[in-house]
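For the sequence shown, the numbering used here assigns the number -4 to the initial residue and increments by one for each residue that follows.
Glycine included, each C-beta is placed from N, C-alpha and C at the ideal position.
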Amino acid sequence: MQELSYLLNHFGEEREKYEGAINPPVYQTSNFAAGNYDELVKRIKNEFDSPFYSRGYNPTAAIVRKKIAELEGTEDALLCSSGSAAISCAVMSQLKAGDHILCIEKPYSWTSRLLVQLLSRYNIEYTFASGKNTEEFLSHVQTNTRLIYLESPNSITFEQQDIQAIAQFARKENIITVIDNSYATPLGQNPAQWGVDLIIHSATKYLNGHSDVVAGVICGSKELIRPIFANEWMTLGAQVSPHDCSLLLRGLRTLEIRIQRSAESALQVIHFLDNHPKVEKVYHPFSKHYDQGDLTKKQLKVYGGLLSFTLHDADENKIKSFVNSLKYFLLATSWGGHESLVFPMSALQTASNYLNPLVPQHLIRMYIGLESPQLLISDLSQALENV
Ligand SMILES: *Cc1c(COP(=O)(O)O)cnc(C)c1O
């Protein structure tokens, strides 16, 4: 991999092509004209990496695509209109009727919907299983298992899987592995180095980091990415607009310092919550309650600002008064932006009458943004007094 600061600031940019502009232009165009017949043929033939039509290739998108692939240590990447689009394209690309997916038990909610509501209609089977114990997890592999889906850590309760052990097994058995790496980001872990085939991110979160773009990315070898480009990605039309690509590029410039700030503040918040008498349990790879410390050491170079916790008093009204008392944690979903957030799972349960039964109903998820840790801790402290 290129040196990180070089990668974020310069790699993949060809300033001589656009008059030295520091910020690459937004190629806000749907199509590109060829100079003559032969050039047209050439462009059509090579839509994967030259401009013909913006659903296929756009120069603004190409810069971001190169940077993120390099960040993940993969040959290529495809930008998608959301993290969910990235997951759907990647997973669908590897399956046909009669196949089976083995998936960790608490994936991102729309990932489980893809398997349960959508792919099952096309006669694709699935099993959800805990990935904490590798042997137990792999015992769910069937003769028709074509894909193993990982999310390590997951983004609710942060269990990890032994990525290398699972990827090695899968490779031997000719099973494709896909991982949602949104939480760790490419700075935290690069699953390709352990043999994972396709690595997915919701770029909406840390990668963009400013809560103004919804986007996703699929990273992998050219051998895997090319057919995804030609089939699922072009057919489903899950592209990112040039303008959003430009915003994503701007967000990437500060990826390293944003994650540093968010993670350092999170550590202080975790320490505060871990020692607060009203707090029952904190969920985060660096909480004292976390029981997979060995995997954290082995796999996670960077920990994130996303965490969950429960209160001893699990009553919905108490949770309501806690979140209503917070002044600086905004009551919203998502994470990875500049702003700190709080999201009580009980609201999801009340609104939709559904929550994964493996997620504690009184779980409160929190994201630590770029505000000062003092401001956030004093806010938490006063809100906990109201419980
Ligand atoms: C948000 C999120 C997604 C989905 O990303 P979108 O950009 O919202 O479609 C997938 N995985 C994880 C872990 C997420 O947090």
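{"Check": "Asp192 and Gly215 closer than 8 Å at C-beta", "Outcome": "yes"}
{"Check": "Minimum C-alpha distance to Ser341 - residue among Gln255, Pro355, Ile58, Ser329", "Outcome": "Pro355"}
{"Check": "Where Pro339 falls, given that 16 or more other Cβ within 10 Å makes a residue buried", "Outcome": "buried"}
{"Check": "Alpha helix (DSSP H) segments (min. 4 residues) lying fully within the stretch 294 to 374", "Outcome": "311 to 320, 340 to 347"}
{"Check": "Ranges of the alpha helix (DSSP H) found wholly within the stretch 224 to 286, counting only runs of at least 4", "Outcome": "237 to 248, 250 to 269"}
{"Check": "Check whether Val264 and Ile372 have beta carbons under 8 Å apart", "Outcome": "yes"}
{"Check": "Whole-Å CB distance - Lys276 paired with His284, under 8 Å assumed", "Outcome": "5 Å"}
{"Check": "Contact the stretch 30 to 41 vs the stretch 175 to 182: 3+ CB pairs below 8 Å", "Outcome": "no"}
{"Check": "Distance between Gln163 and Ser49 (C-alpha atoms, nearest Å)", "Outcome": "37 Å"}
{"Check": "Member of Gln255, Leu295, Leu182, Val274 whose CA lies at the smallest distance from the CA of Lys62", "Outcome": "Leu182"}
{"Check": "Inter-stretch contact at 8 Å, needing at least 3 Cβ pairs: the stretch 217 to 233 / the stretch 196 to 209", "Outcome": "no"}
{"Check": "Val235 beta carbon less than 8 Å from that of Ala56", "Outcome": "yes"}
{"Check": "heavy atom of ligand 1 below 7 Å from Ser83 C-beta", "Outcome": "no"}
{"Check": "Inter-residue spacing [alpha-carbon to alpha-carbon] between Arg116 and Tyr103", "Outcome": "20 Å"}
{"Check": "Whole-angstrom distance between Tyr13 and Lys101, CA atom to CA atom", "Outcome": "46 Å"}
{"Check": "Beta carbon of Asp308 nearer than 8 Å to that of Val382", "Outcome": "yes"}
{"Check": "Separation of Tyr362 from Trp330, as counted between CA atoms", "Outcome": "6 Å"}
{"Check": "Supposed contact pair Ile99 and Leu399 - C-beta distance, whole angstroms, cut 8 Å", "Outcome": "This structure does not reach residue 399, given that the chain is present from -4 up to 382, and the question cannot be answered."}
{"Check": "Under the three-state DSSP convention, the category Glu(-2) falls into", "Outcome": "coil"}
{"Check": "Meets three-Cβ-pair contact criterion under 8 Å: the stretch 120 to 135 and the stretch 251 to 259", "Outcome": "no"}
{"Check": "Leu17 versus Leu(-1): straight-line alpha-carbon distance, rounded", "Outcome": "The sequence shown places Ile at residue 17, rather than the Leu named in the question. Taking the straight line joining both Cα atoms gives about 18 Å."}
{"Check": "Heavy atom of ligand 1 within 7 Å of Tyr178 beta-carbon", "Outcome": "yes"}
{"Check": "heavy atom of ligand 1 below 7 Å from Lys299 C-beta", "Outcome": "First, the residue type needs correcting, since residue 299 is Gly and not Lys in the sequence shown. False, no ligand heavy atom lies under 7 Å from that Cβ."}
{"Check": "Neighbourhood of Glu146 by C-beta distance below 6 Å, restricted to the same chain and skipping five residues each side", "Outcome": "Ile99, Pro102, Asp175"}
{"Check": "Short Cβ contact (8 Å threshold) for Glu334 with Ser206", "Outcome": "yes"}
{"Check": "Proximity below 8 Å, CB of Arg360 to CB of Ser303", "Outcome": "yes"}
{"Check": "Simplified DSSP state of Arg50, which is helix, strand or coil", "Outcome": "coil"}
{"Check": "Option nearest Ile220 by Cα separation, candidates Ile195, Cys240, Pro368", "Outcome": "Ile195"}
{"Check": "Cα-Cα separation, Gly288 to Phe281", "Outcome": "8 Å"}
{"Check": "Within-8 Å CB hit, His205 to chain B", "Outcome": "Any reference to chain B falls outside this structure, which holds one protein chain only."}
{"Check": "C-beta contact flag for Leu242 and Val208 at 8 Å", "Outcome": "yes"}
{"Check": "Helix, strand or coil at Asn4 according to DSSP, with G and I counted as helix", "Outcome": "helix"}
{"Check": "Cutoff 7 Å; reference Ser45; Cβ partners in own chain excluding five residues on either side", "Outcome": "Arg38, Tyr52"}
{"Check": "Where Met87 falls, given that 16 or more other Cβ within 10 Å makes a residue buried", "Outcome": "buried"}
{"Check": "Whole runs of the beta strand (DSSP E) within the stretch 162 to 186, excluding any shorter than 3 residues", "Outcome": "171 to 175"}
{"Check": "Straight-line Cα distance separating Asp157 from Leu290", "Outcome": "7 Å"}
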